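The opening residue of the sequence shown carries number 27 in the numbering used here; numbering runs sequentially from there. The beta carbon of each residue, even a glycine, is placed where N, CA and C say it ideally should be. Because the structure is a prediction, the values reported are computed rather than measured.
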Amino acid sequence: MDNRPVENYMPSPLDPADWGDFRKHAHRLLDTCIDHLSEARDHPWCHPVDADCDAVMLGSATEGVGYAEVVDELARNILPFGTGNTHPRFFGWVHGSGLASGILSEIVAATMNSNCGGRDHGAVYVEREVMDWCRRCFGFPEGASGLLVSGTSQATIIAFAVARTKVLGIESRYTGIQEFPKLAAYAASGVHSSTSKALELLGLGAASLRTIPLDSDGGIDIQHLKQVVARDRTVGIQPFCVIGTAGSVESGFFDDLEALADFCAIENIWFHVDGAFGAWARLAESPWKELAKGIERADSLAFDFHKWMYVQYDCGAVLIRDGRVHRETFATRPAYLAGQKQGLGGGDPWYCDYGTDLSRSFRALKVWCALRTYGSIALGKAITRNCELASHMEALVNDSLLLRMEAPVRLNVCCFNAAPFGWDALLQGTLNATIVQQLQLSGDVVFSTTELGGRTVIRAAIVNHRTCNADIEYAISSVLQARNTQMDNHDFIK
Ligand SMILES: Cc1ncc(COP(=O)(O)O)c(C=O)c1O
């Protein structure tokens with residue numbers, strides 16, 4: 027290759043005119059970012075955003091302001107205004123905490139700017155390594171396939187599309203589903219909303235999801251499931267997928283995955299597991315890891331790295347037991363994407379043949395960096411610690427005369443009620459929601475709410491490796507203080 031300098035080369039104005047100057051500003055920003063993350067405990071969980079967002083207005087953006095000004099703006103106007111989930115007392119929704127290794131991977135991924143849809147280059151090999159690690163971690167056989175996606179919602183769409191191909195045949199890609207019998211899917215009530223969204227998007231409709239009540243152990247009632255499947259078959263509806271939940275978003279319940287796998291094997295139905303965060307119980311110690319038993323028997327598994335593996339957003343994944351049907355569901359190669367034996371156009375299989383995205387970012391690097399930097403043992407210990415902290419929160423709630431648990435802690439989710447027992451459900455819910463809002467605004471603790479037993483309750487999902495016992499104790503005493511404030515507020519009770 028001829029690497030001699032090109033004469034009279036004018037650098038593009040989209041590259042720095044002075045790379046030394048760029049380096050100086052980039053290093054300044056890196057230091058600010060490292061300070062920000064290393065001091066996560068010392069800041070309030072977030073800074074409120076100005077409603078008019080003056081500071082981030084782009085206007086017509088016809089002229090750029092250059093690197094120095096942008097670095098200042100990033101540090102001043104963007105960085106402090108995160109969701110807050112890097113803070114150790116952020117327990118809202120299921121928001122992962124982010125790792126220092128992610129700063130390193132994002133620098134390299136941005137510099138390489140790889141397109142991981144396919145072709146033969148280094149980033150694809152990293153994704154293969156990551157997916158092979160996942161395959162082994164979750165006990166899937168060789169020949170299973172998988173890819174990284176934006177999150178469990180996207181992973182679910184891909185998994186259901188493959189399940190649909192399996193039952194209708196590859197020709198359904200061409201004919202559509204109109205000529206086929208109606209399909210139905212089955213999941214425990216409390217299954218995540220992404221499940222019905224996926225069914226809607228695949229043209230099956232949200233009504234194709236049968237929600238089955240929970241049994242006394244808190245998982246799907248298999249006897250009930252059997253009846254509903256049998257009833258559907260008698261009226262010509264084809265059961266195409268049973269969804270097992272490994273860690274429900276509301277209370278962290280697990281279905282009996284072994285029993286569901288047995289049922290699906292007998293009934294010849296695709297067995298999908300939504301393991302968005304709960305799948306990672308597999309890396310925890312006993313008794314939590316036993317909850318995920320049976321996950322290795324799934325036909326497909328959807329899970330996230332950005333939740334309970336602490337990896338930066340966004341990063342989810344799907345694993346499919348039958349790699350062949352996975353490829354058949356998505357592979358499309360117009361002429362300009364034809365593969366080659368060698369060269370950049372080589373390197374089959376390409377990830378674009380396993381999902382909807384042709385252009386794909388180098389998500390795999392942040393996972394690779396996390397596994398390489400910390401190792402799965404340390405990550406598993408952090409997961410175990412989060413489960414212990416949820417149990418600690420449960421114990422504090424049980425010790426308090428003013429709070430009560432709304433569901434037993436099974437994993438890392440703790441749902442409780444701060445309202446007096448005798449109040450009607452609406453008033454209880456209003457008090458709980460008001461407490462959650464007051465604490466969020468205080469900048470101290472973030473809980474979120476959910477509905478259990480017809481009441482809005484306070485909910486903590488602990489997926490943060492920075493949280494310690496003292497944070498849990500502080501959080502519960504903050505709830506009690508906020509409760510006092512609200513109960514003293516006469517208007518509220520009226
Ligand atoms: C159990 C469960 N499934 C699916 C999802 C959707 O995942 P994502 O937000 O990564 O799309 C979530 C999100 O919280 C979840 O908790």
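Euclidean distance between Cα positions of residue i and residue j
i	j	result
V175	N490	22 Å
L130	H53	13 Å
R347	A291	14 Å
T382	W45	38 Å
F48	P37	14 Å
L251	N294	14 Å
F266	N29	58 Å
A272	A318	7 Å
V462	R350	48 Å
I263	F107	50 Å
L327	D514	48 Å
F206	E226	17 Å
R485	A451	16 Å
S417	E65	27 Å
D243	G479	16 Å
V75	L235	39 Å
G469	T460	15 Å
Reduced DSSP secondary structure (H/G/I, E/B, other) of residue i
i	result
A43	coil
V505	helix
Y362	helix
H73	coil
V103	Residue identity check: residue 103 is Asn in the sequence provided, not Val. In this structure, N103 counts as helix in the three-state DSSP scheme.
V439	strand
R386	coil
A324	coil
C267	strand
R543	Shown here, the chain extends from 27 to 520; a query on residue 543 therefore has no answer.
E525	Because the chain here runs from 27 to 520, residue 525 falls outside it and cannot be looked at.
M83	coil
R353	helix
W394	helix
E477	strand
L286	helix
D98	helix
M513	helix
Neighbour-count burial assignment, residue i, 16 or more Cβ in a 10 Å radius
i	result
K392	buried
A135	buried
S312	exposed
N34	exposed
A185	buried
W333	The question names Trp, but residue 333 in the sequence shown is Lys. K333 comes out buried.
S151	First, the residue type needs correcting, since residue 151 is Tyr and not Ser in the sequence shown. Exposed, because fewer than 16 other Cβ atoms sit within 10 Å of the Cβ of Y151.
R411	buried
R558	No information on residue 558 is available, as it lies outside the stretch 27 to 520 that the chain covers here.
E316	exposed
D330	buried
G85	exposed
G447	Note on residue identity: the sequence assigns Phe, not Gly, to residue 447. F447 comes out exposed.
E420	buried
Q512	buried
N111	buried
V32	exposed
Q454	buried
D61	exposed
S385	exposed
8 Å contact criterion, which residue i and residue j should meet: CB distance rounded
i	j	result
Y377	H352	Incorrect: roughly 11 Å between the Cβ atoms, too far for contact.
A101	L55	6 Å
T182	S220	5 Å
A487	V423	So it is not a contact: roughly 15 Å between Cβ atoms.
I248	A213	Actually they do not touch by this definition, with Cβ atoms about 12 Å apart.
A149	M138	7 Å
G231	L437	No, G231 and L437 are not in contact; Cβ-Cβ is about 31 Å, not under 8 Å.
A444	L465	About 11 Å; that fails the 8 Å criterion.
A94	H51	6 Å
Neighbour flag for residue i against chain B, beta carbons, 8 Å
i	result
R102	Given the protein chain composition of this structure (a single chain), no chain B is represented.
Any non-hydrogen atom of ligand 2 closer than 7 Å to residue i Cβ
i	result
A416	In terms of ligand content, the structure shown lacks ligand 2 and carries ligand 1 instead.
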